[in-house]
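Notes follow once the structure below has been shown.
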Amino acid sequence: MSKTISILGSTGSIGRQTLDVAEQMDLRVAAMTAHSSVERMEEQVRKFHPALAVLTDEAAAKDLAVRLADTTTKVLGGFDALEEAATAPEADTVVTAVVGMVGLKPTLAAIKEKKRIALANKETLVCAGQLVMDAADRFGAEIVPVDSEHSAIFQCVQGCADRREIKRLILTCSGGPFYGMTYDEVGRMTKADALKHPNWKMGPKITVDCATLMNKGLEVIEAMRLYRLPLEQVSVVIHRQSIVHSLVEYRDGAVLAQLGTPDMRLPIRYAMTYPERGVNPAEPLDLLSCPPLTFAAPDREAFPCLRLAEEAATEGGTACAILNGANEEAVGLFLADQIGFHDIPRLVEKARREVPVVREPDLEEILAADREARCAVLGK
Ligand code: NDP
Ligand code: MG
Numbered sequence: 390m391s392k393t394i395s396i397l398g399s400t401g402s403i404g405r406q407t408l409d410v411a412e413q414m415d416l417r418v419a420a421m422t423a424h425s426s427v428e429r430m431e432e433q434v435r436k437f438h439p440a441l442a443v444l445t446d447e448a449a450a451k452d453l454a455v456r457l458a459d460t461t462t463k464v465l466g467g468f469d470a471l472e473e474a475a476t477a478p479e480a481d482t483v484v485t486a487v488v489g490m491v492g493l494k495p496t497l498a499a500i501k502e503k504k505r506i507a508l509a510n511k512e513t514l515v516c517a518g519q520l521v522m523d524a525a526d527r528f529g530a531e532i533v534p535v536d537s538e539h540s541a542i543f544q545c546v547q548g549c550a551d552r553r554e555i556k557r558l559i560l561t562c563s564g565g566p567f568y569g570m571t572y573d574e575v576g577r578m579t580k581a582d583a584l585k586h587p588n589w590k591m592g593p594k595i596t597v598d599c600a601t602l603m604n605k606g607l608e609v610i611e612a613m614r615l616y617r618l619p620l621e622q623v624s625v626v627i628h629r630q631s632i633v634h635s636l637v638e639y640r641d642g643a644v645l646a647q648l649g650t651p652d653m654r655l656p657i658r659y660a661m662t663y664p665e666r667g668v669n670p671a672e673p674l675d676l677l678s679c680p681p682l683t684f685a686a687p688d689r690e691a692f693p694c695l696r697l698a699e700e701a702a703t704e705g706g707t708a709c710a711i712l713n714g715a716n717e718e719a720v721g722l723f724l725a726d727q728i729g730f731h732d733i734p735r736l737v738e739k740a741r742r743e744v745p746v747v748r749e750p751d752l753e754e755i756l757a758a759d760r761e762a763r764c765a766v767l768g769k
């Protein structure tokens with residue numbers, strides 16, 4: 390059970406919902422970080438009184454320090470300061486809610502300090518899953534997933550002592566805003582269309598990933614790393630209503646699922662209370678007013694990103710870091726109106742073709758693969 394937390398990415402969608410949960414559960418906040426959101430960070434610091442506030446943008450950090458001169462909160466700037474926030478001595482739990490590969494080093498630093506990792510930042514596991522999971526085992530740090538599908542699976546495997554009993558993990562996928570369209574129809578969709586997710590309100594990067602289905606591809610890799618399972622044991626099913634958050638099929642044929650309203654505060658809360666369950670003030674799921682629950686196969690022709698992620702997962706080594714780095718860069722270009730929707734898979738595929746895969750990579754090789762993939766995309 391967490392008592393004091395640090396939040397990497399406190400100003401984002403997951404970060405803000407984590408602060409809601411912290412307030413409801415009366416948790417202390419030791420440190421929080423963001424990139425450049427000065428005003429929101431000032432507000433959060435005045436409300437939660439952390440010992441440390443970090444903005445990775447140096448100019449924004451200077452501004453924040455001036456604004457917070459009347460408080461006892463220490464303000465730091467720059468990327469290295471993320472590690473200081475991740476290892477704040479008072480915190481027993483670190484919520485990794487930054488977006489992107491930038492979460493990797495601070496997550497490793499927190500693991501070395503045996504913090505519980507409430508892991509939202511999926512890009513970290515996608516790029517360096519083996520390294521992160523091995524480090525967690527070595528240092529005895531718990532990793533509790535916050536991503537709703539992985540939290541569902543985590544909840545469904547409680548009490549399963551022998552992982553060989555698991556036959557298959559089934560990740561549910563809303564299908565995103567372009568579900569049911571053909572490849573050509575999807576190609577005509579704009580940024581505004583892509584940013585309209587049917588069920589969840591999230592940051593812009595993951596919302597675009599949901600529209601391309603890359604998010605589900607990244608989640609397949611995340612699940613493989615968390616549960617050390619091959620691709621053949623992780624499948625994806627479209628479930629438009631986002632009520633069944635994921636399922637585990639056991640070898641005796643039993644299928645366990647976790648259901649709930651689409652509200653990230655439930656998995657965030659569970660990552661804090663695990664192995665116990667706390668009282669949640671939110672409205673409970675009312676099965677009688679739920680829409681009918683439907684399930685369908687994903688369309689890998691119309692949404693090639695899912696296939697690209699599965700191919701990288703099969704190849705292993707730095708293939709997933711290349712996939713992820715290229716995707717982060719391509720989504721950035723799409724959000725800056727510089728490329729079209731189908732250019733995202735095209736540029737990811739280009740980076741995968743051009744950047745050689747390193748087997749059993751160390752941290753430096755993973756970071757290098759990420760950099761090379763981004764360069765391949767920026768060369769367009
Ligand atoms: P947001 O974009 O809403 O928030 C991102 C946070 O990270 C902000 O605090 C932002 O600060 C900070 N940040 C952004 N870029 C950098 C950077 N380069 N260096 C340091 N900090 C940075 O993202 P979400 O909350 O939606 O997602 C966070 C993570 O959680 C992602 O990995 C996502 O895949 C995962 N996730 C999110 C879900 C959701 O419902 N939102 C569901 C499941 C997983 P600033 O405000 O200053 O830009
Ligand atoms: Mg998810």
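First residue of the sequence shown? That's 390 in our numbering, and the numbers climb one at a time after it.
All C-beta atoms in this analysis are idealised placements derived from N, C-alpha and C, irrespective of residue type, glycine included.
Taking a contact to require three or more Cβ pairs closer than 8 Å, the region 524 to 534 and the region 585 to 600 do not qualify as touching.
Asn716 has its alpha-carbon roughly 14 Å from the corresponding atom of Glu743. Between Ser425 and Ala449, the beta carbon gap of about 4 Å places them in contact (Cβ cut-off 8 Å). Partner residues in the beta bridge of Ile506, as assigned by DSSP, are Val483, Ile532. The three-state reading of DSSP puts Ser391 in coil, since its state is none of H, G, I, E or B. For the pair Ala541 and Asp459, the Cα-to-Cα distance works out to about 43 Å.
Beta-carbon to beta-carbon, Phe723 and Lys580 are separated by about 7 Å, close enough to satisfy the 8 Å threshold. Tyr572: member of the alpha helix (DSSP H) spanning 572 to 576, first to last residue. Assignment of Lys739 by DSSP, reduced to helix, strand and coil, places it in the helix class.
For Gln647, the enclosing beta strand (DSSP E) stretches over residues 644 to 648. Between Val418 and Pro439 the beta-carbon gap is near 5 Å, inside 8 Å, which marks them as a contact. Annotated three-state conformation of Cys562 is strand, per DSSP. Taking C-alpha positions only, Glu479 is separated from Val633 by approximately 36 Å. A contact is defined here as three or more CB-CB pairs under 8 Å, and the region 548 to 567 fails this definition with respect to the region 662 to 680. In the DSSP assignment, Lys463 falls within the unbroken beta strand (DSSP E) covering 463 to 466.
For Ser537, there is no enclosing beta strand (DSSP E); the enclosing alpha helix (DSSP H) has its first and last residue at 537 to 545. A Cβ-Cβ contact shorter than 9 Å links Val535 with Pro656. In this structure Val644 is exposed. Its beta-carbon is surrounded by fewer than 16 other beta-carbon atoms within 10 angstroms. Relative to the non-hydrogen atoms of ligand 2, the Cβ of Glu538 comes within a distance shorter than 8 Å of at least one. Of the candidates Arg552, Gly768, Glu611, Asp641, Glu611 places its Cα closest to the Cα of Val521.
Per DSSP, Thr683 has no beta-bridge partner at all.
Bridge pairing for Arg654: absent [DSSP].
Look at Lys556 here: in three-state DSSP terms it is strand.
Approximately 14 Å separates the beta-carbon atoms of Pro651 and Ser678; this is outside 8 Å, ruling out the contact.
C-alpha of Glu761 to C-alpha of Ile711: approximately 8 Å in a straight line. For Arg417, the enclosing beta strand (DSSP E) begins and ends at 417 to 423. Less than 9 Å separates the beta-carbon of Glu704 from that of Val746. Residue state for Ala725 is assigned as coil, using DSSP reduced to three classes.
About 7 Å separates the beta carbon of Leu444 from that of Val427, a gap short enough to meet the 8 Å contact definition.
Distance from the CA of Tyr616 to the CA of Val487, rounded to the nearest whole angstrom, comes to 22 Å. Asn713 has its alpha-carbon roughly 11 Å from the corresponding atom of Ala517. Listed in chain order, the non-local C-beta contacts of Val515 below 7 Å within the same chain comprise Leu607, Ile610, Glu611, Cys709, Asn713, local neighbours out to five positions each way being set aside. The three-state reading of DSSP puts Tyr659 in helix, counting H, G and I together.
Annotated as distal: Pro750 and Pro693, with beta-carbon spacing of 9 Å or more.
Cα atoms of Ile559 and Glu690: separation of roughly 20 Å, rounded to the nearest angstrom. If you check the CB distance, Ala423 and Thr400 come in under 9 Å.
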